[in-house]
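Data block below; observations after.
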Amino acid sequence: MEVSFRGKHALVTGAGKGIGRDLVLALAHGGAKVTAVTRTQADLNSLVQECPSITPVCVDLADWGATEAALKDIGPIDLLVNNAACAKLQPFLEVTQDQFEQSFSVNVKAVLQVSQLWQSTLLKIVARGMKARGSGGSIVNVSSQASQCALRDHAVYCATKGAVDMLTKVMALELGPHQIRVNAVNPTVVLTQMGRLGWSDPEKVKTMTSRIPLGRFAGQPLQHLQAVFLSFISSGSQPYLYKHIVQNCCEF
Ligand code: NDP
């Protein structure tokens with residue numbers, strides 16, 4: 059999908075692997091200046107090697123103070139993709155406080171924090187010269203089918219993604235008047251590192267794919283999903299836009 063992001067500054071979290079990494083490359087290919095945020099330096103090194111125009115930021119998004127310090131000088135952002143997340147799978151009765159807090163810190167709290175940082179930077183600019191700024195911006199929160207359907211061993215992950223959906227709706231409501239579009243994208247299984255973690259057992263795979271009309275997961279490369287993201291990031295001018303995409307219409 060060819061979309062031009064020339065003249066735009068995009069920030070993608072969870073940029074080191076999987077969906078985030080792919081999106082960074084697609085946005086850069088589309089002409090955006092991209093800031094790529096993740097916590098493993100080796101991933102950022104290889105990303106910069108692949109695409110030297112990228113600005114890498116290495117930080118653990120679970121750490122509020124470190125995140126604020128790492129992102130405070132990145133400048134005005136037009137497009138934000140809150141993609142970073144972790145999936146710690148365990149039966150409900152075995153969930154620990156630590157796993158719960160770590161998951162909510164990365165999957166939910168960081169969405170709130172990075173969006174706030176982004177918003178305050180943007181609003182400062184808007185307050186100084188709305189005309190100069192023009193058309194607001196776009197935030198895409200990467201949620202999941204898991205926000206809407208119960209998946210065995212995914213109690214905490216499902217809860218975080220349910221929270222992301224509601225956060226997205228309120229963000230869309232409140233940021234709309236500033237011409238900032240906020241959307242969530244809710245994919246089914248994508249065979250990234252995270253996808254393989256939960257969906258490598260052939261029996262489990264069969265149960266899931268039997269509910270997906272196409273009968274398969276999203277594979278590599280991620281063109282299908284990438285097109286969805288890029289269209290959400292780039293298109294539309296509705297100030298209150300909020301949409302769900304469940305890739306392949308998984309039936310539960
Ligand atoms: P991956 O695990 O492949 O990649 C996640 C990226 O996020 C990695 O680069 C990881 O870095 C980074 N990350 C994780 N925790 C932190 C943190 N604390 N601070 C900074 N960066 C962090 O995941 P996917 O690409 O599969 O998933 C991307 C998004 O898509 C997530 O929001 C996920 O919930 C969602 N999703 C994924 C699905 C799937 O089947 N794969 C299905 C539906 C939704 P590191 O490796 O160094 O930890």
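Each position in the sequence shown, counted from 1, maps to that position plus 58 in the UniProt record's numbering.
No residue lacks a Cβ here, since even glycine has one placed at the ideal position from N, Cα and C.
Quantities reported herein were computed from a predicted structural model and do not represent experimental measurements.
**OP:** For the stretch 240 to 266, list the alpha helix (DSSP H) runs that are entirely contained and at least 4 residues long, ordered along the chain.
**Re:** For secondary structure counted as the alpha helix (DSSP H) over 4 or more consecutive residues, the stretch 240 to 266 holds these complete runs in sequence order: 251 to 256.
Original post:
Between the beta-carbon of residue 136 and the beta-carbon of residue 195, is there less than 8 Å?
Top reply: Yes, Cβ-Cβ distance for residue 136 and residue 195 is below 8 Å.
**OP:** Kindly identify the DSSP beta-bridge partner or partners of residue 91.
**Re:** Paired residues: 67.
Original post:
Pairing CB atoms from the stretch 146 to 157 with CB atoms from the stretch 104 to 122, are three or more of them under 8 Å?
Top reply: Taking a contact to require three or more Cβ pairs closer than 8 Å, the stretch 146 to 157 and the stretch 104 to 122 do not qualify as touching.
Original post:
What is the DSSP secondary structure of residue 154, reduced to helix, strand or coil?
Top reply: Here residue 154 sits in coil by DSSP.
Original post:
Is DSSP giving residue 114 helix, strand or coil here?
Top reply: Three-state result, residue 114: strand.
Subject >> Boundaries (first-last residue) of the beta strand (DSSP E) holding residue 137 >> reply: 137 to 140 is the extent of the beta strand (DSSP E) around residue 137.
Original post:
In three-state DSSP terms, what is residue 76?
Top reply: Looking at residue 76 - three-state DSSP - the assignment turns out to be helix.
Original post:
Is residue 120 near the ligand NDP, with its Cβ less than 7 Å from a heavy atom?
Top reply: Placement of the Cβ of residue 120 at a distance of less than 7 Å from at least one heavy atom of the ligand NDP is found.
**OP:** Counting only the same chain and skipping the five closest in sequence on each side, list residues whose C-beta sits under 7 Å from that of residue 252.
**Re:** Excluding residues within five positions, the ones whose Cβ falls inside 7 Å are 76, 145.
**OP:** Look at the Cβ atom of residue 166, then the Cβ atom of residue 201, and state whether they are nearer than 8 Å.
**Re:** The beta carbons of residue 166 and residue 201 sit no closer together than 8 Å.
Subject >> For residue 79, the nearest candidate out of 262, 273, 250 (CA to CA) >> reply: Measuring from the Cα of residue 79, the nearest candidate turns out to be 250.
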